[in-house]
Amino acid sequence: MGNASWLNSERTQVTVTHEPSEPRNWPDGHVGVALTGDELGECIEVTIHGVRHYLHSSTARELSDMLSSRIDEWNVTARAAGVPEV
Numbered sequence: 019m020g021n022a023s024w025l026n027s028e029r030t031q032v033t034v035t036h037e038p039s040e041p042r043n044w045p046d047g048h049v050g051v052a053l054t055g056d057e058l059g060e061c062i063e064v065t066i067h068g069v070r071h072y073l074h075s076s077t078a079r080e081l082s083d084m085l086s087s088r089i090d091e092w093n094v095t096a097r098a099a100g101v102p103e104v
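The numbering used here numbers the first residue of the sequence shown as 19 and each following residue consecutively.
Here's what the structure looks like:
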């Protein structure tokens, strides 16, 4: 498993992030996904609120499947409450 990255400016380990109080260049300022180069052992780069995570493709697929499942659950809750689905 990978290690959490250290932020150069703060030198503290990021273990929790939250949505910013104001949107920042939605959606690109919140999330990003890219393929990595040959120099890395992982092939997918996921950036969430400026924190980069390097994943193997199988881990990225499982994350995608889990997120999709939870979003489907959320949409049931949202629909019942009369709020917009995602």
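Cβ atoms here follow ideal geometry from the backbone N, Cα and C, with glycine treated the same way.
Please classify I66: is it buried, with 16 or more other beta-carbons within 10 angstroms of its beta-carbon, or exposed?
exposed
When the Cβ atoms of the stretch 64-78 are set against those of the stretch 32-39, are three or more pairs found closer than 8 Å?
yes
Best match in I89, D56, W92, V51 for proximity to A78 [C-alpha to C-alpha]:
V51
One question on the structure: do Y72 and E80 come within less than 8 Å of each other, judged by their Cβ atoms?
no
Since T65 is in the beta strand (DSSP E), which residue starts that stretch and which ends it?
62-66
Let me confirm a value: I62 is counted as buried when at least 16 other C-beta atoms fall within 10 Å, else exposed. Which label applies?
buried
Three-way DSSP call (helix, strand, coil) for L58 in this model
coil
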